[in-house]
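J.: Would you mind keeping the following structure in view while I ask a few things?
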Ligand SMILES: [Zn+2]
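Numbering (this note's numbering), first residue to last: 4 to 468.
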């Protein structure tokens, strides 16, 4: 068996790892690179190494693990192959379809806009279009967690809970000779709301693991509700609004669940809550559909109070008119809108409307990459920010909560390794991390007695195992 690393090498995006076994080629994830537009675009368009794929297994629906599926299948279909399938858990398939359509739509709109402004040549096409996404839908095959199947001859595979987002899985494959390979996908942190904790996989000969936070620790989750309560109570006292930029997947559902709980516990005053994101609304539908894979607490909440994502005063808006109506409301409300880093989506309009009022709070709950509007909002050295071409003074209070993260931190990752049968591990490959995190985590594992730890250095690096 041979492994070839086609992405997430010395970086956290573009996950794609190829397994070659007895003349067949099995791809683990097919992610998009994200970051600065031009360099990532070159990486994304280069599909070298992806030729002749026989099957694809997807760990979870985040775009950095799925975003190049439409490109891959454009090539596969051009070669008249209709026998290549994409395997993933039920929830992952549903969410992946929504996210890919959304991503294609955004790309189409961006290209139109840039072309109009004369910033790109007229022949330039998006990476993929909504019709590319529609074309791959029939190649998805849904699998239950723990269901064993044979994606290529001689290899048995199954999906095991990874505890990262709804539907997320570690992938365990076993060859007919009995060699096992575990690909962790993204590992979640323990005790996330709604999402089950990852399941331990004790036995694996080869491990490909993520190391996103291999050198860092998260703030404990326990203090979150109190922080959230304080922020809401204070803002309501000032008669202000609370604007929460949020990813449509995961973060949005978590915060709805928390607010629902706090409402039942009478911890927060009654104010209306608007989820102003059509994508979040659609993804929430998928959460409703798969309540069988909630964690214990969310299941018992569901049995006691019914749908987690419906309660008095909670509104999912869809049309632009509804979105505009929210701005005309003149009383304390909570607005949750995408995108998470404020780089587009409806949240931008809400920020524009509300940032110059000292009564309001902008609550940042997710990671904000360098150069994004979200990061500029948090930058204490900046007194103004540019939103949609205009300068605004930061008068509202801007608060960041650090407790939200769907990723395992260093301790979680170490625990995951310590739970394994060390004597069986032959090779460990560290991917999906920045250089500092990869090296630091490698040292941590070495200190704990793990051996044969490799960090692939460039795209295309391969290892015989
Ligand atoms: Zn992820």
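Note that CB positions come from ideal geometry on N, CA and C, so glycine has one too.
Quickly, what does DSSP pair residue 156 with across the bridge? List them, please.
T.: Paired residues: none, contrary to the question.
J.: Does at least one heavy atom of ligand 3 sit under 7 Å from the Cβ of residue 415?
T.: As far as ligands go, the structure on display features ligand 1 and does not contain ligand 3.
J.: Considering just the uninterrupted stretch of the alpha helix (DSSP H) at residue 20, what are its terminal residues?
T.: Here residue 20 belongs to no alpha helix (DSSP H); instead the beta strand (DSSP E) covers 20-24.
J.: For residue 197, does the three-state DSSP call read helix, strand or coil?
T.: Of the three classes helix, strand and coil, the one that applies to residue 197 here is coil, per DSSP.
J.: May I ask you to verify whether the stretch 237-248 touches the stretch 329-339, counting CB pairs closer than 8 Å and requiring at least 3?
T.: Flag = yes, the stretch 237-248 and the stretch 329-339 touch.
J.: Which residues in the same chain as residue 232 place their Cβ atom closer than 8 Å to its Cβ, once the five residues preceding and following it in sequence are excluded?
T.: Hits under 8 Å: 265, 270 and 271.
J.: Should residue 108 be counted as a contact of ligand 1 given a C-beta to heavy atom distance under 7 Å?
T.: No, the Cβ of residue 108 stays beyond 7 Å of every heavy atom of ligand 1.
J.: Tell me whether residue 63, by its Cβ, gets closer than 7 Å to a heavy atom of ligand 1.
T.: Yes; taking the cut-off as 7 Å, the Cβ of residue 63 has a heavy atom of ligand 1 nearer than that.
J.: Which residues mark the beginning and the end of the beta strand (DSSP E) in which residue 266 is found?
T.: Not the beta strand (DSSP E): residue 266 falls in the alpha helix (DSSP H), residues 254-267.
J.: Comparing alpha-carbon positions, which option in 194, 263, 322 and 371 lies nearest residue 556?
T.: What the structure shows of the chain is the stretch from 4 to 468, and residue 556 is not part of that stretch, so it cannot be assessed.
J.: Can you give me the Cβ contacts of residue 157 inside the same chain, cut-off strictly under 8 Å, excluding the 5 residues immediately before and after it?
T.: 24, 25, 27, 178 and 179, listed in sequence order.
J.: Since residue 431 and residue 457 are thought to touch, with beta carbons under 8 Å apart, how far apart are those beta carbons, to the nearest angstrom?
T.: About 7 Å; that satisfies the 8 Å criterion.
J.: Please report the distance separating the alpha-carbon of residue 141 from that of residue 402.
T.: C-alpha separation (whole angstroms): 44 Å.
J.: Just to confirm, does residue 457 get its C-beta within under 7 Å of one of the non-hydrogen atoms of ligand 1?
T.: Flag unset: Cβ of residue 457 not near ligand 1.
J.: With a cut-off of 8 Å, do at least 3 Cβ pairs link the stretch 377-387 to the stretch 159-167?
T.: With a cut-off of 8 Å, the stretch 159-167 and the stretch 377-387 do not count as touching, because too few Cβ pairs lie within range.
J.: Who are residue 371's beta bridge partners in DSSP?
T.: For residue 371, which the question treats as bridged, DSSP gives no partner whatsoever.
J.: What is the rounded straight-line gap between the Cα of residue 50 and the Cα of residue 182?
T.: Cα-Cα distance, rounded: 29 Å.
J.: Pick helix, strand or coil for residue 172, following the three-state DSSP scheme.
T.: Correct three-state label for residue 172: strand.
J.: Using DSSP bridges, identify the partner residues of residue 405.
T.: Answer is none; residue 405 lacks a bridge partner.
J.: Say whether the stretch 363-380 touches the stretch 209-225, bearing in mind that this needs 3 or more beta-carbon pairs closer than 8 Å, one atom from each stretch.
T.: The stretch 363-380 vs the stretch 209-225: no contact.
J.: According to the neighbour-count rule (16 or more other Cβ atoms, all chains shown, within 10 Å of its Cβ), is residue 435 buried or exposed?
T.: That one is buried.
J.: According to DSSP, what are the bridge partners of residue 161?
T.: The partner list for residue 161 (beta bridge, DSSP) reads 175.
J.: Taking residue 185 and residue 207 to be in contact with their CB atoms under 8 Å, please state how far apart those CB atoms are, rounded to whole angstroms.
T.: The pair is a contact, with the Cβ atoms about 4 Å apart (cut-off 8 Å).
J.: Can we count residue 189 as close to ligand 1, meaning its CB is less than 7 Å from some heavy atom?
T.: Yes.
J.: Any chance the CB of residue 167 is under 7 Å from a heavy atom of ligand 1?
T.: Because some heavy atom of ligand 1 lies under 7 Å away, the Cβ of residue 167 counts as near it: yes.
J.: Counting only runs that start and end within the stretch 308-387, where is the beta strand (DSSP E) found for 3 or more residues in a row?
T.: Segments of the beta strand (DSSP E) lying fully in the stretch 308-387: 317-319, 336-340 and 364-367.
J.: Taking 7 Å as the cut-off, does the CB of residue 68 come closer than this to any heavy atom belonging to ligand 1?
T.: Yes, since a heavy atom of ligand 1 falls inside the 7 Å radius drawn around the Cβ of residue 68.
J.: Since residue 56 and residue 75 are thought to touch, with beta carbons under 8 Å apart, how far apart are those beta carbons, to the nearest angstrom?
T.: Right, their Cβ atoms sit about 7 Å apart.
J.: What's the gap between the Cα of residue 445 and the Cα of residue 5?
T.: Cα to Cα, residue 445 sits roughly 22 Å from residue 5.
J.: For the stretch 72-128, which segments carrying the beta strand (DSSP E) assignment without a break, of at least 3 residues, lie completely within its bounds, in sequence order?
T.: As far as the stretch 72-128 is concerned, its whole beta strand (DSSP E) runs of at least 3 residues are 88-92.
J.: Are the stretch 191-204 and the stretch 292-302 touching by the rule of at least three beta carbon pairs closer than 8 Å?
T.: Verdict: yes, contact present.
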